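No gaps in the numbering here: position 69 of the sequence shown is 808 in the working numbering, and each next residue is one more.
Ideal Cβ placement from N, Cα and C applies to all residues, glycine included.
Treat the numbers as computed from the prediction; the structure is a model and nothing was measured.
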Amino acid sequence: MDRSYQLEAAIYRHVSRVSECSFEELVGWLPQYAWNEVFGTVDRLSRQGRLTLRHPTRFGFLISLPPGARDAASLPRDGRGGESLAVCRAAS
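Here is the structure:
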């Protein structure tokens, strides 16, 4: 598995466990990744509609899964014919 896919799967696992978290909390839960790796992945996934971002305070963002994505069948596949991210999440 490549590093970017592992990061996506880790983000989905954490966000699905906590339902919603701040970007800072997410970075703290993923110490093996650089801040810019997490930021770039969250940015890309939110632009693709695979994560939802809320901006409740001037400098803060809250990250969650979009409505309906909590169902394993609705999460996207990895693009290489592998398991969906939801399956990876359920296995952990």
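**OP:** Please name the residue in V777, C760, V766 whose C-alpha comes closest to that of R742.
**Re:** Considering only alpha carbons, the answer is V777.
Original post:
Buried or exposed: which applies to S755, given that a residue is buried once 16 or more other Cβ atoms fall within 10 Å of its Cβ?
Top reply: By the Cβ neighbour-count rule, S755 is buried, with 16 or more other Cβ atoms within 10 Å of its own.
**OP:** Given a cut-off of 8 angstroms, decide if Y772 and L746 are closer than it, judged by their beta-carbon atoms.
**Re:** Contact flag set, yes.
Original post:
D782 to V757, Cα distance in whole Å?
Top reply: Taking the straight line from one Cα to the other gives about 19 angstroms.
**OP:** Excluding the 5 residues preceding and the 5 following A749 in the sequence, name in chain order all residues of the same chain whose CB lies nearer than 7 angstroms to its CB.
**Re:** Cβ neighbours of A749 within its own chain (closer than 7 angstroms, five residues either side excluded): L769.
Original post:
Is T780 buried or exposed, if buried means 16 or more other CB atoms sit within 10 Å of its CB?
Top reply: The C-beta of T780 has 16 or more other C-beta atoms within 10 Å across all chains shown, which makes the residue buried.
Subject >> Minimum C-alpha distance to G807 - residue among Y744, G788, G767, R752 >> reply: Out of Y744, G788, G767, R752, G788 has the C-alpha closest to the C-alpha of G807.
Original post:
Within 10 angstroms of its Cβ, does L814 collect 16 or more other Cβ (buried), or is it exposed?
Top reply: Here L814 scores only 45 on pLDDT, less than 50, and its place in the model should not be relied on; the value that follows carries that caveat. Counting Cβ neighbours within 10 Å, L814 comes out buried, since at least 16 surround it.
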